[in-house]
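Chemist: In the UniProt record's numbering, the protein residues as written are 1 to 595.
We put the beta carbon where it would ideally sit given N, CA and C, even for glycine.
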């Protein structure tokens with residue numbers, strides 16, 4: 001049986017004095033909606049047939065619906081604030097027109113377009129405040145999770161969808177109660193719900209898989225975290241029973257990828273516990289049909305009832321308290337009101353799992369390097385995404401993929417500032433970007449374009465360059481510095497086994513020891529001089545030593561020149577001139593002169 005109520009509907013500056021039917025649908029997870037059917041003549045001239053002025057007065061206007069009991073005294077009243085988003089003109093078979101006024105909760109304004117933007121080192125509260133700032137509706141933001149989040153990105157999502165996902169990732173309550181948007185712990189407002197034959201209910205205890213495991217690797221600390229969560233509390237007696245039965249029936253844990261960045265083991269434990277709890281919250285569900293209009297999403301209902309056990313004897317019972325997660329209000333044209341709602345145990349710390357949340361799929365994209373001085377020296381960079389709002393498109397420090405790398409080994413090619421890089425995402429998750437390569441654009445590309453693709457080049461920002469030339473029969477390698485034209489090292493390959501090393505400048509070889517070995521010959525040529533200098537000795541060892549000069553050969557020593565042979569020393573010349581500044585001493589057992 002429905003209850004008689006008074007209904008006041010204000011739309012912009014228009015008050016509706018009559019309607020055929022009214023309905024308000026409220027959900028924990030989505031936008032609330034309302035629909036009011038009004039006879040045509042209450043909004044436009046009854047002699048007209050089509051749209052005249054009603055749409056100008058109603059569409060886009062703020063709406064307030066107030067419902068109070070006509071007879072019963074119940075504290076407070078139902079208030080719903082929304083916006084008219086559609087006006088439907090309906091004509092039936094009897095040529096009678098009606099206007100159907102449809103609208104949404106003001107949270108619908110947050111569907112005003114998909115966005116791409118990032119948030120660095122901000123708390124959940126700061127992110128919610130920033131996203132909700134443009135919208136004029138009332139809000140209370142007080143999430144339970146208060147730690148700073150290293151990086152969070154909104155990716156091709158409306159503002160509402162992004163916040164809905166964010167709340168689900170951290171197990172936060174996020175809903176509109178009819179008058180304001182609430183982020184965080186819901187209120188304690190409670191209303192009685194008496195099972196008396198007029199108000200009735202359905203109550204379900206269900207089982208479902210509720211084992212979850214999660215792993216995450218923290219590359220900054222080089223640590224792997226794993227967890228499976230602990231038993232979920234706050235479910236009440238029935239919920240605890242259903243949870244235990246589910247655990248015994250479904251024994252294999254679902255392996256999950258973390259939906260958020262994990263910095264230490266405690267964060268992973270919190271993340272897996274949020275998944276466990278949100279999936280367990282609705283193991284017990286209470287569905288009610290009643291006549292108390294002062295109910296809304298988030299309201300607690302205290303369920304009581306009485307059972308006739310004998311003539312004139314009743315047994316009082318209490319079924320517990322439940323928090324409403326969805327409710328529909330209906331009023332007919334003569335003011336009869338009734339509602340239908342669903343609820344979960346009010347002791348639950350976490351909201352039930354949100355079935356409307358969808359993870360965005362992050363696809364490869366282009367970005368520009370803005371920093372490469374990684375404070376942790378992990379080879380990371382920061383980039384500016386090419387998103388519409390450049391002020392909100394910066395990344396945190398993200399890793400760079402190399403063909404080969406490891407502990408004290410591998411390749412090190414960190415992109416430079418203003419380089420363009422290709423960004424991919426681990427598991428296509430928008431919060432886990434990674435640099436997979438660099439690409440050219442018009443500015444540097446012309447310097448590195450060669451016909452037939454015969455050249456491969458590695459060049460650093462300081463001009464150091466390694467060039468591989470692959471022209472058939474003329475393969476070459478150049479090592480040079482582009483800023484010093486005369487400094488280059490040229491290695492060319494010709495025929496089989498012929499390697500030529502060439503430079504236009506000076507080659508200096510410096511080492512503790514230098515050893516040169518040739519299978520056959522070593523030949524040294526210079527257009528001018530060859531000079532060998534040693535602090536101690538220059539030793540030449542060979543089977544036969546031949547020194548030839550086309551004009552002169554000078555042997556000089558600061559003190560002594562000594563030549564010694566085991567058998568014979570021969571000196572031949574057209575003229576031999578031997579002079580001594582003081583004494584010429586020739587000694588032997590036998591000395592022959594001019595013999």
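Please classify residue 180 as buried or exposed, where buried requires at least 16 neighbouring CB atoms within 10 angstroms.
Modeler: exposed
Chemist: Any contact between the segment 89–106 and the segment 28–39? By contact I mean 3 or more CB pairs, one from each, below 8 Å.
Modeler: Judged by Cβ distances under 8 Å, the segment 89–106 makes contact with the segment 28–39, as three or more pairs qualify.
Chemist: Determine the direct distance from the alpha carbon of residue 502 to that of residue 468, and round the result to whole angstroms.
Modeler: Rounded to whole angstroms, the separation of the alpha carbons of residue 502 and residue 468 is 15 Å.
Chemist: Closer than 7 Å by C-beta to residue 364: which residues in its own chain qualify, once you throw out the five before and the five after it? Chain order, please.
Modeler: 422, 423 and 424
Chemist: In three-state DSSP terms, what is residue 388?
Modeler: Coil.
Chemist: Hey, how far is the Cα of residue 461 from the Cα of residue 415?
Modeler: 10 Å
Chemist: In angstroms, rounded to a whole number, what distance separates the CA positions of residue 466 and residue 525?
Modeler: 28 Å
Chemist: Could you check what DSSP says for residue 254 in three-state terms: helix, strand or coil?
Modeler: Look at residue 254 here: in three-state DSSP terms it is strand.
Chemist: Would you mind stating whether residue 65 and residue 77 have Cβ atoms separated by less than 8 Å?
Modeler: Going by beta carbons, residue 65 and residue 77 fall outside the 8 Å limit.
Chemist: Does the Cβ of residue 351 have 16 or more other Cβ atoms within 10 Å, making it buried, or fewer, making it exposed?
Modeler: So residue 351 counts as buried.
Chemist: Hey, would you say the C-beta of residue 567 is under 7 Å away from at least one heavy atom of the ligand FMN?
Modeler: Of the ligands one can find in the structure shown there are none, so the ligand FMN has no counterpart to examine.
Chemist: Go ahead and pull the three-state DSSP assignment for residue 587.
Modeler: coil
Chemist: Suppose you measure from the CA of residue 508 to the CA of residue 395; what does that come to, to the nearest Å?
Modeler: 46 Å
Chemist: Report the option in 412, 436 and 428 whose CA atom is closest to the CA atom of residue 458.
Modeler: 412
Chemist: State yes or no: is the C-beta of residue 210 within less than 8 Å of the C-beta of residue 274?
Modeler: no
Chemist: Distance check for residue 167 and residue 375, CA to CA, integer angstroms please.
Modeler: 31 Å
Chemist: Among 567, 121 and 114, which residue has its Cα nearest to the Cα of residue 389?
Modeler: 114
Chemist: Looking at the unbroken alpha helix (DSSP H) that takes in residue 273, where does it start and where does it end?
Modeler: DSSP places residue 273 inside the alpha helix (DSSP H), whose first and last residues are 265–280.
Chemist: Is the segment 327–342 close to the segment 208–224, with three or more CB pairs under 8 Å?
Modeler: no
Chemist: Compare the C-alpha of residue 300 against each of 287, 311 and 531 and name the closest.
Modeler: 287
Chemist: Take residue 255 and list the residues in its own chain whose beta-carbon comes closer than 7 Å to its own, dropping the five residues that flank it on each side.
Modeler: 213
Chemist: So what does DSSP say about residue 539, is it helix, strand or coil?
Modeler: Three-state result, residue 539: coil.
Chemist: Is the number of C-beta pairs between the segment 146–158 and the segment 116–125 that are closer than 8 Å three or more?
Modeler: yes
Chemist: Residue 295 and residue 324 look like a contact to me (Cβ under 8 Å); what is the Cβ gap, rounded to whole Å?
Modeler: 6 Å
Chemist: Could you pull out every residue in the same chain whose Cβ sits closer than 6 Å to the Cβ of residue 492, ignoring the five residues on either side in sequence?
Modeler: 476 and 500
Chemist: Is it buried or exposed, residue 81, if we count other Cβ atoms within 10 angstroms and call 16 or more buried?
Modeler: buried
Chemist: Does the beta-carbon distance from residue 399 to residue 380 come in below 8 Å?
Modeler: yes
Chemist: Please classify residue 60: does DSSP put it in a helix, a strand, or coil?
Modeler: coil
Chemist: What is the C-beta distance between residue 289 and residue 338, in whole angstroms, given that I count them as a contact (C-beta under 8 Å)?
Modeler: 7 Å
Chemist: In this structure, how does DSSP classify residue 311 when only helix, strand and coil are distinguished?
Modeler: coil
Chemist: Going along the chain, which residues of its own chain have a beta-carbon closer than 8 Å to the beta-carbon of residue 164, five neighbours each way excluded?
Modeler: 29, 174, 354, 356 and 357
Chemist: Starting from residue 569 and walking both ways along the beta strand (DSSP E), at which residues does that stretch end?
Modeler: Element bounds for residue 569: n/a, residue is neither H nor E.
Chemist: From the DSSP output, which residues share a beta bridge with residue 122?
Modeler: 149, per the DSSP bridge assignment.
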